[in-house]
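The listed protein sequences correspond, in order, to chains A and B. Residue 5 is where the first sequence starts when you use our numbering, and the numbers rise one by one after that. Residue 5 is where the second sequence starts when you use our numbering, and the numbers rise one by one after that. Just so it is clear, CB atoms sit at the ideal spot from N, CA and C, and this is done for glycine as well. To start, the structure itself, in structure tokens.
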Amino acid sequence: MELTAEEWDAVALSAKVALCATALCLPTGILFGWLMARREFAGKWILDTLVQLPMVLPPVVPGYLLLLLLGTRGPIGKWLLDAFGIVIAFTWKGAVLASATMAFPLMVQPVRLAFRLIDQRLEQAALTLGATPWRAFATITVPLAFPGIVAGSVLCFSRSLGEFGATMAFVGNIPGETRTLPLAIYSYTHVPNGDAAAMRLALLSILLALAALGTSHWIGRRAERLLGQSRPRDERA
Amino acid sequence: MLNIDVEFRRGSFTLAAKVDIEGGVTGVFGPSGSGKSTLLALLAGLLKAQRGTLTFDGRTLADAATGTFVPAWQRHFGLVFQDGQLFPHLSVRSNLLYGYRHLAPSERRFELDTVTKLLEIDPLLRRRPVHLSGGERQRVALGRALLYSPRLLLMDEPLSSLDERLKQQILPFLKRVKEETGVPMIYVSHSRAEVDYLADRVLLMSEGRLGAAGS
Numbered sequence: 005m006e007l008t009a010e011e012w013d014a015v016a017l018s019a020k021v022a023l024c025a026t027a028l029c030l031p032t033g034i035l036f037g038w039l040m041a042r043r044e045f046a047g048k049w050i051l052d053t054l055v056q057l058p059m060v061l062p063p064v065v066p067g068y069l070l071l072l073l074l075g076t077r078g079p080i081g082k083w084l085l086d087a088f089g090i091v092i093a094f095t096w097k098g099a100v101l102a103s104a105t106m107a108f109p110l111m112v113q114p115v116r117l118a119f120r121l122i123d124q125r126l127e128q129a130a131l132t133l134g135a136t137p138w139r140a141f142a143t144i145t146v147p148l149a150f151p152g153i154v155a156g157s158v159l160c161f162s163r164s165l166g167e168f169g170a171t172m173a174f175v176g177n178i179p180g181e182t183r184t185l186p187l188a189i190y191s192y193t194h195v196p197n198g199d200a201a202a203m204r205l206a207l208l209s210i211l212l213a214l215a216a217l218g219t220s221h222w223i224g225r226r227a228e229r230l231l232g233q234s235r236p237r238d239e240r241a
Numbered sequence: 005m006l007n008i009d010v011e012f013r014r015g016s017f018t019l020a021a022k023v024d025i026e027g028g029v030t031g032v033f034g035p036s037g038s039g040k041s042t043l044l045a046l047l048a049g050l051l052k053a054q055r056g057t058l059t060f061d062g063r064t065l066a067d068a069a070t071g072t073f074v075p076a077w078q079r080h081f082g083l084v085f086q087d088g089q090l091f092p093h094l095s096v097r098s099n100l101l102y103g104y105r106h107l108a109p110s111e112r113r114f115e116l117d118t119v120t121k122l123l124e125i126d127p128l129l130r131r132r133p134v135h136l137s138g139g140e141r142q143r144v145a146l147g148r149a150l151l152y153s154p155r156l157l158l159m160d161e162p163l164s165s166l167d168e169r170l171k172q173q174i175l176p177f178l179k180r181v182k183e184e185t186g187v188p189m190i191y192v193s194h195s196r197a198e199v200d201y202l203a204d205r206v207l208l209m210s211e212g213r214l215g216a217a218g219s
């Protein structure tokens with residue numbers, strides 16, 4: 005299966021956007037998931053609803069809202085441009101932000117569940133052994149939540165690879181800048197003789213999705229073994 | 005050594021304790037639900053009393069009136085939980101060294117070798133907690149707390165999840181720890197026999213009240 009330069013551009017851009025979106029969602033998702041699992045505060049359900057909202061809205065809507073806010077004439081977008089000369093709309097950075105917005109709830113859900121399932125007395129045990137709360141979080145909580153964090157990251161990455169509606173609305177479909185895999189497939193289906201290229205990219209999308217799921221499965225199995233949730237023969241001795 | 009004068013309320017439950025505790029092993033005996041675990045959590049710094057003071061060797065650990073509160077990780081007390089609470093993602097060795105690694109070398113009173121020999125857990129070092137029996141788990145939990153060189157060792161029903169045969173196996177280890185390390189202990193249990201076997205003096209906990217029960 006030979007890809008043209010333009011098709012490679014779309015694949016490379018998709019990989020870059022999805023990796024950056026996952027990198028953006030990972031620390032924020034861990035923090036937010038922990039907050040939702042462990043803390044009670046006023047307005048918690050409002051914050052929770054807002055974060056979950058992109059999952060149930062038509063993706064074009066968050067994309068359009070991002071454009072209103074971060075477009076060069078939007079309140080935040082204008083400020084970023086005037087103060088720092090940064091443009092986000094219609095650039096690959098905007099594609100990252102659109103993907104991250106759509107994928108964030110998928111990162112948060114498994115992370116939150118993982119934090120909720122951890123016995124808090126393990127963290128207390130760490131505190132009584134001289135660990136500061138941050139150290140206990142880093143050495144006990146996060147490693148124990150690792151399978152959930154991996155699951156969230158893979159979902160986030162896969163969702164970002166497939167992002168279409170919000171990206172289209174916020175950053176458009178510019179070859180080499182914002183034309184990711186799904187946008188490229190969509191474009192090829194609209195040009196004469198584009199079917200073969202669309203099919204190649206569609207197959208590639210399926211392969212990437214399978215690879216992501218396979219990796220997640222493999223890491224999840226390894227993590228479970230390390231956490232002692234299954235009993236492999238080689239550790240019995 | 006330890007001067008307790010605290011009052012702690014949660015819902016309809018109130019715990020009130022006013023007692024001075026000296027070195028050696030102090031047993032706290034009482035039925036389940038009498039507030040024994042809450043008392044240990046207050047001493048360990050995992051809970052904050054609404055009223056009163058707590059001092060250890062002259063240092064104020066908690067004073068509700070002035071807002072002084074030394075958190076758990078600065079109290080330097082060991083706490084052994086009912087079911088061990090070993091970290092499942094770490095090997096026995098890493099569990100044992102978890103608190104030890106938070107100490108400056110000059111603060112370390114016990115070494116890994118000494119403690120593993122004392123508790124006869126040296127063959128288990130490379131295992132994960134899931135592959136340990138209940139009795140092994142509690143010995144590792146005890147070793148982990150000891151290696152943190154605690155100034156006071158708090159034990160929250162450390163044998164209650166074990167069957168009678170295992171209890172009889174572990175009790176001598178606890179006695180050995182008492183005799184060979186000299187670490188002061190507060191040993192909480194609903195079993196009068198255990199408390200009598202180990203403790204130099206016994207306090208009685210009943211419906212949130214801590215009082216003397218002879219020695």
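Check whether residue i and residue j have beta carbons under 8 Å apart
i	j	result
VAL55/A	GLY169/A	no
THR29/B	LYS182/B	Correcting the residue identity first, residue 29/B is Val in this sequence and not Thr. Yes, the pair counts as a contact, with Cβ atoms nearer than the cut-off.
ALA129/A	VAL175/A	no
LEU214/B	ALA21/B	yes
GLY212/B	SER38/B	yes
LEU151/B	LEU116/B	yes
ASN177/A	LEU187/A	yes
PRO79/A	LEU70/A	no
CYS29/A	VAL100/A	no
PHE85/B	ASP160/B	yes
ILE189/A	LEU212/A	no
LEU185/A	SER18/A	yes
ALA45/B	LEU58/B	no
LEU202/B	LEU163/B	no
THR182/A	TRP96/A	yes
ASP242/A	GLY180/A	The shown model of chain A, from 5 to 241, leaves out residue 242/A, and the question about it has no answer.
ALA216/B	LEU207/B	yes
VAL96/B	PRO35/B	no
ARG120/A	ALA41/A	yes
MET209/B	LYS52/B	no
ALA149/B	LEU50/B	no
GLY156/A	GLY33/A	yes
ALA87/A	PHE161/A	no
TYR104/B	ARG112/B	yes
ALA58/A	PRO109/A	Before going further, note that residue 58/A is Pro rather than Ala in the sequence given. Yes.
THR42/B	LEU19/B	yes
GLY218/A	TRP77/B	no
SER137/B	GLY31/B	no
Integer-rounded CB distance, given that residue j should sit under 8 Å from residue i
i	j	result
VAL154/A	GLY224/A	6 Å
PHE150/A	ALA227/A	5 Å
SER56/B	GLU26/B	A small correction: the amino acid at residue 56/B is Gly; Ser does not occupy that position in the sequence shown. The Cβ separation is near 19 Å, so there is no contact.
CYS107/A	ARG163/A	First, the amino acid is wrong: residue 107/A is Ala here, not Cys. That belief holds up - the Cβ atoms of ALA107/A and ARG163/A are roughly 4 Å apart, short of 8 Å.
THR76/A	VAL91/A	6 Å
VAL146/A	GLY37/A	About 11 Å separates the two Cβ atoms, so there is no contact after all.
HIS93/B	LEU148/A	6 Å
Beta-bridge pairing of residue i - partner residues as DSSP gives them
i	result
GLU10/A	Answer by DSSP bridge pairing: none, since GLU10/A is not bridged.
VAL23/B	ILE8/B
TYR191/B	GLY31/B and MET159/B
ASP67/B	THR57/B and THR72/B
ARG16/B	For the record, residue 16/B in the displayed sequence is Ser; it is not Arg. DSSP output for SER16/B lists no bridge partner at all.
LEU208/B	PHE33/B and GLY215/B
LYS46/B	The question names Lys, yet the displayed sequence has Leu at residue 46/B. LEU46/B pairs with nothing; no bridge assigned.
VAL65/A	Answer is none; VAL65/A lacks a bridge partner.
GLY82/B	LEU157/B
- With a cut-off of 8 Å, do at least 3 Cβ pairs link the region 65 to 77 of chain B to the region 99 to 119 of chain A? Touching, no.
- Selection of the region 136 to 155 of chain A by Cβ proximity to chain B, strictly under 7 Å: Within the region 136 to 155 of chain A, the residues whose Cβ lies closer than 7 Å to some Cβ of chain B are THR136, ILE144, PRO147 and LEU148, listed in chain order.
- Does the count of Cβ pairs from the region 116 to 125 of chain B and the region 96 to 108 of chain B closer than 8 Å reach three? They touch, by the three-pair rule.
- Task: Could you list the residues in the region 166 to 196 of chain B with a C-beta less than 8 Å from some C-beta on chain A, going in chain order?
- Result: Taking 8 Å as the upper bound on Cβ-Cβ separation, chain A lies near no residue of the region 166 to 196 of chain B.
- Message: Check whether the region 72 to 92 of chain B and the region 134 to 145 of chain B touch, using three or more Cβ-Cβ pairs below 8 Å as the test.
- Response: Touching, yes.
- Message: By the 7 Å beta-carbon criterion, what residues does the region 82 to 100 of chain B contribute toward chain A?
- Response: So the list reads GLY82, LEU83, PHE85, GLN89, PHE91, PRO92 and HIS93, given in the order they occur along the chain.
- Message: Against chain A, which members of the region 50 to 81 of chain B pass a CB distance test of less than 9 Å?
- Response: Those residues of the region 50 to 81 of chain B that come within reach of chain A (Cβ to Cβ, closer than 9 Å) are LEU50, PRO75, ALA76, TRP77, GLN78, ARG79, HIS80 and PHE81.
- Near-chain A residues of the region 117 to 149 of chain B - C-beta to any C-beta below 8 Å: Identification of residues in the region 117 to 149 of chain B having a C-beta nearer than 8 Å to some C-beta of chain A yields ARG131, ARG132, PRO133, VAL134, HIS135, ARG148 and ALA149, given in sequence order.
- Query: Got a sec: which bits of the region 107 to 137 of chain A sit with their beta carbon under 8 Å from any beta carbon on chain B, in order along the chain?
  - Reply: Listed in chain order, the positions of the region 107 to 137 of chain A with a beta carbon within less than 8 Å of a beta carbon of chain B are ASP123, ARG125, LEU126, GLN128, ALA129, ALA130, LEU131, THR132, LEU133, GLY134, ALA135, THR136 and PRO137.
- Interfacial residues, the region 207 to 231 of chain A to chain B, with Cβ spacing under 7 Å: The residues in question are LEU230 and LEU231.
- Query: Going along the region 101 to 115 of chain B in order, which residues come within less than 8 Å of chain A, judged by CB to CB distance?
  - Reply: For the region 101 to 115 of chain B, which is checked against every Cβ of chain A, the residues closer than 8 Å are TYR102, GLY103, HIS106 and LEU107.
- Under 9 Å (Cβ pairs) to chain A, residues found in the region 152 to 163 of chain B: Here the close residues are TYR152, PRO154 and LEU158.
- Query: Closer than 9 Å, Cβ to any Cβ of chain A: which residues of the region 33 to 49 of chain B, in chain order?
  - Reply: From the region 33 to 49 of chain B, only ALA45, ALA48 and GLY49 have a Cβ closer than 9 Å to chain A.
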